[in-house]
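With the numbering used here as the guide, the letters of the sequence shown map in order to residues 2 to 77. Report on the following structure.
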Amino acid sequence: AAVIGVPHEVYGEVPKAFVVKKEGMELDEEHVLDYCRQKLAKYKVPYEVEFLEQLPRNASGKVLKVSLRSKENASL
Numbered sequence: 002a003a004v005i006g007v008p009h010e011v012y013g014e015v016p017k018a019f020v021v022k023k024e025g026m027e028l029d030e031e032h033v034l035d036y037c038r039q040k041l042a043k044y045k046v047p048y049e050v051e052f053l054e055q056l057p058r059n060a061s062g063k064v065l066k067v068s069l070r071s072k073e074n075a076s077l
């Protein structure tokens, strides 16, 4: 999973989570948000969850958050 800040009309920016499901796992946005509400401070809970087949990564395996931001900005 990875989290980035995305623009929001009221709050300026809110967290958005990108999650990769394990094969055969039943998981939806509400389960992810419920888990986050139990484990995180209120301001850290993602406003939105998007499921991906895989996260974009560089050659050393680090998540390319720039790619996630570009994808998000293109959808605005």
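Heads up, the beta-carbon is just placed ideally off N, CA and C, and yes, glycines get one too.
Own chain partners of residue i with C-beta closer than 7 Å, once the 5 adjacent residues on each side are dropped
i, result
"GLU49", "LYS17"
"PHE52", "VAL20, LYS22"
According to DSSP, residues forming a beta bridge with residue i
i, result
"ALA3", "PHE19"
"ARG58", "VAL64"
"HIS9", "GLY13"
"GLU1", "Here the chain has residues from 2 to 77 only, and residue 1 is not among them."
Sequence-distant residues of its chain with Cβ nearer than 6 Å to residue i (five each side left out)
i, result
"GLU73", "VAL7"
Close beta carbons around residue i, own chain, < 8 Å, minus the five adjacent residues each side
i, result
"LEU69", "ALA3, ILE5, PHE19, LEU56, PRO57"
Integer-rounded CB distance, given that residue j should sit under 8 Å from residue i
i, j, result
"VAL46", "LEU34", "7 Å"
Best match in the options for proximity to residue i [C-alpha to C-alpha]
i, options, result
"GLY25", "GLU54, SER76, ALA42, TYR44", "GLU54"
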